[in-house]
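Okay, so here's the structure we're looking at.
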Amino acid sequence: MTAIYREHLDIGRAIYRAAKSLPEGWMLHIEIEKDSGSVRVFNPDGNEILIDCGGLFSEQINAGIDFAVGAES
37 MTAIYREHLD
47 IGRAIYRAAK
57 SLPEGWMLHI
67 EIEKDSGSVR
77 VFNPDGNEIL
87 IDCGGLFSEQ
97 INAGIDFAVG
107 AES
């Protein structure tokens, strides 16, 4: 399995995880443009939370989920 294919699978898993795991009121926005993408996280008040993760796109999604879940704990 190539690294690119593995990352594609990981992105799909992370999106599925977000749909199942984000606490009530939290939103994760995935923005895609040519050759780029970003993940933005919003708390229930609508404030954007900056997640400085870098790394792979799947890691950014998971970092946003982890932050939201941790904030609600």
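Residues 37 to 109 in my numbering are what the sequence shown lists, from first letter to last.
C-beta atoms are modelled at their ideal positions from N, C-alpha and C, and glycine is treated no differently.
Note that the structure is a prediction, hence the values are computed from the model and not measured.
{"query": "Environment of Leu64 [buried if 16+ CB atoms lie within 10 Å]", "result": "buried"}
{"query": "Cβ-heavy atom distance, Asp102 to the ligand MN, below 7 Å", "result": "The model depicted lacks the ligand MN and carries no ligand whatsoever."}
{"query": "Nearest-angstrom Cα separation, counted from Ser57 out to Val105", "result": "7 Å"}
{"query": "Status (buried if at least 16 other CB within 10 Å, exposed otherwise) for Gly48", "result": "exposed"}
{"query": "Straight-line gap, Pro80 to Asp88 (C-alpha atoms, nearest Å)", "result": "20 Å"}
{"query": "Assigned secondary structure, Glu67 (DSSP; H/G/I helix, E/B strand, else coil)", "result": "strand"}
{"query": "Per DSSP, the bridge partner or partners of Arg53", "result": "Bridge partners of Arg53: none, in fact."}
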